[in-house]
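Report on the following structure.
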Amino acid sequence: MNKGHFPSVLLIYTGGTIGMIKNPNTGALEAFNFDQLLENVPELKRFNCHISSYQFNPPIDSSDMKPSLWAELVKIITDNYNKFDGFVILHGTDTMAYTASALSFMLENLSKPVILTGSQLPIGMLRTDGKENLITAIEIASAKHPDGTAVVPEVCIFFENQLLRGNRTTKINAENFNAFRSYNYPVLATAGIHIKYNYNYIRKTDPSKSLIPHYAYDTNVIILTLFPGIQENLISNVLRTPHLRAVVLKTYGSGNAPRMPWLIQALKKATERGVIIVNISQCATGMVEMERYETGLQLIEAGVISGYDSTIEAILTKLMYMLGHGKSVHDIHHLMNISLAGEITKDS
Ligand code: ASP
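Dropping the structure here:
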């Protein structure tokens, strides 16, 4: 078949369950060589699309994902940006939402699709969800409007029929095929007989702007979850940690914390030292509104800022990205109020 005018997609295999196959001799699951991809997924040959692949060496379980590998992904995409119409990243499900969130900030002015997908069962198994996920992800990554612009010019996760904005997504199920949810932002597309795009919710980008890749990040950040009975010495020690730059504070409900003077004092002392403390709710759905109750208001007085309706993955990677770029505390406070890549429900 002549594929001269067909779109092209770069398939980047980082590792995870999707790329595993049962060794017929040992019965163990092993990462398979991507050169054999076409043999294992012959459906790909029928695609009206050029598919090239790039494989992490060695492939990793996504529990081992780290910011230097996010930078490697940014480099691969940047080096190949003009050669391909879209990118599909095969990734373990465990930390896929962190990678998708990080890439959404690190690929500034992205105007091509970067679709992450994976599977709960290896692609070599009969009941695999991997084939379906892979094939539809490629179709989405290569979809264009009649004017030649990408239908989905943003970083997304495609899983079990749903296309979700990457920095709005969280893994919620370790068992079912339906493993991801975007609680605070609508689904971008649903794959049934046809792929139905929700055009109104897909990011509008300006393809005339050049991609600006970012590689820097600062990992001096921590997540603290409040719970009844939380102890002063533990919290105070964490907040006094040398080099600590930012804390994601997981509070109750709409952003509330217990009225314990030691806690508010410890938070205040930290913010006065220049530590950025961002309030995010332990509830999966909804928005932080610290002004609603007295238990939230005291946090504003301690210098804590709102994380709005952000996912934990998005807020953490946004902080790492901004701190890594040497932004001042003042600038970070300002940028946390702005949607950089569609990660919060707020006008940019
Ligand atoms: N532990 C695996 C990983 O995240 C699970 C998966 O691939 O879904 O790499």
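Numbering of the sequence shown is given in my numbering, commencing with residue -5 and proceeding in unit increments.
Note that CB positions come from ideal geometry on N, CA and C, so glycine has one too.
Since the model is a prediction, treat every value here as computed from it, not as a measurement.
(Q) Could you compute how far the alpha carbon of Ile45 sits from the alpha carbon of Gly86? (A) Numbered from its first residue, the sequence shown carries residue 45 at position 51. Numbered from its first residue, the sequence shown carries residue 86 at position 92. Distance between the alpha carbons of Ile45 and Gly86: 21 Å.
Q: Consult DSSP for Gly320 and reduce its assignment to one of helix, strand or coil.
A: On the sequence shown, residue 320 is found 326 positions in, with the first residue counted as 1. Gly320: coil per DSSP, three-state reduction.
Q: Compare the Cα-Cα distances from Ile71 to each of Ile6, Arg40, Asn172 and report the closest residue.
A: For this step, residue 71 is matched to residue 77 along the sequence shown. Comparing Cα-Cα distances from Ile71 to each of Ile6, Arg40, Asn172, the minimum goes to Ile6.
Q: Determine which residues share a DSSP beta bridge with His44 and list them.
A: As a position in the sequence shown, residue 44 is number 50, starting the count at 1. Beta-bridge pairing links His44 to Ser2.
Q.
Relative to the C-alpha of Lys165, which candidate in Val3, Gly21, Val323, Ala308 has its C-alpha closest?
A. Counting from one through the sequence shown, the residue named residue 165 turns up at place 171. Of the listed residues, the one whose Cα sits closest to Lys165 is Ala308.
Q.
For Ser98, report the span of its alpha helix (DSSP H) as first-last.
A. Within the sequence shown, residue 98 is the residue found at index 104, counting from 1. 90 to 100 is the extent of the alpha helix (DSSP H) around Ser98.
Q. Distance, Cα to Cα, His327 vs Lys69?
A. By one-based count along the sequence shown, residue 327 stands at place 333. By one-based count along the sequence shown, residue 69 stands at place 75. Going from the Cα of His327 to the Cα of Lys69 covers about 29 Å.
Q: Count the other CB atoms, across all protein chains shown, that sit within 10 Å of the CB of Gly320; report buried if there are 16 or more and exposed otherwise.
A: Taking the sequence shown and counting its residues from 1, the one referred to as residue 320 is at position 326. Exposed.
Q | Residue from Met119, Val3, Ile109 with nearest C-alpha to Gly13 | A | By 1-based counting over the sequence shown, the position of residue 13 is 19. Checking every option, the nearest Cα to that of Gly13 belongs to Met119.
**Q.** Contact set for Asn17: own chain, Cβ-Cβ below 6 Å, skip 5 residues either direction
**A.** Numbered from its first residue, the sequence shown carries residue 17 at position 23. For Asn17, where only same-chain residues beyond five positions count, the Cβ hits under 6 Å are Glu24.
Q. Hey, how far is the Cα of Tyr315 from the Cα of Tyr209?
A. To locate residue 315, count along the sequence shown from 1; it is residue 321. To locate residue 209, count along the sequence shown from 1; it is residue 215. If you take the alpha carbons of Tyr315 and Tyr209, they lie about 8 Å apart.
Q) Sorted by chain position, which residues of the same chain lie with C-beta nearer than 7 Å to Arg267's C-beta, five sequence neighbours on each side aside? A) Your numbering for residue 267 matches position 273 in the sequence shown. There are no such residues.
(Q) Just to confirm, is the Cβ distance from Leu220 to Ala251 under 8 Å? (A) For this step, residue 220 is matched to residue 226 along the sequence shown. For this step, residue 251 is matched to residue 257 along the sequence shown. In this structure, Ala251 lies closer than 8 Å to Leu220 by Cβ.
Q: Provide the residue(s) that pair with Val241 in DSSP beta bridges, ordered along the chain.
A: Taking the sequence shown and counting its residues from 1, one reaches residue 241 at position 247. Paired residues: Ile216, Ile271.
Q. Between the C-alpha atoms of Thr111 and Val82, what's the straight-line distance to the nearest angstrom?
A. Taking the sequence shown and counting its residues from 1, one reaches residue 111 at position 117. Taking the sequence shown and counting its residues from 1, one reaches residue 82 at position 88. Each residue's alpha carbon lies about 7 Å from the other.
Q) alpha helix (DSSP H) containing Glu24: first to last residue? A) As a working note, residue 24 is residue 30 in the sequence shown. Unbroken run through Glu24 is the beta strand (DSSP E), 23 to 25; no alpha helix (DSSP H).
Q. Quick one: is the Cβ of Asp123 within less than 7 Å of any heavy atom of ligand 1?
A. Along the sequence shown, one-based indexing puts residue 123 at 129. The answer is no for Asp123.
Q.
Quick test of your reading: Leu238 and Val269, contact by CB under 8 Å. State the CB separation rounded to the nearest angstrom.
A. By one-based count along the sequence shown, residue 238 stands at place 244. By one-based count along the sequence shown, residue 269 stands at place 275. Right, the Cβ-Cβ distance comes to about 6 Å (below 8 Å), so this counts as a contact.
Q.
Cutting at 7 Å between CB atoms, please list the residues of its own chain near Gly124, excluding the five before and the five after it.
A. The count along the sequence shown starts at 1 and reaches residue 124 at position 130. Same-chain partners within the cutoff: Ile12, Ser113, Leu115, Pro116, Ile117.
Q) With C-beta atoms as the reference, is Ala185 less than 8 Å away from Tyr191? A) Locating residue 185 in the sequence shown gives position 191, where the first residue counts as 1. Locating residue 191 in the sequence shown gives position 197, where the first residue counts as 1. Cβ atoms of Ala185 and Tyr191: not closer than 8 Å.
Q: Measure how close the beta-carbons of Val145 and Leu157 come, nearest whole angstrom, since I'm counting them as under 8 Å.
A: Here residue 145 refers to the residue found at position 151 when the sequence shown is read from its first residue. Here residue 157 refers to the residue found at position 163 when the sequence shown is read from its first residue. Wrong, their Cβ atoms sit about 10 Å apart, outside the cutoff.
Q.
Using a 10 Å radius around the Cβ and a threshold of 16 neighbouring Cβ atoms, would you call Asn42 buried or exposed?
A. Against the sequence shown, residue 42 aligns to sequence position 48. When all chains shown are included, Asn42 counts as exposed.
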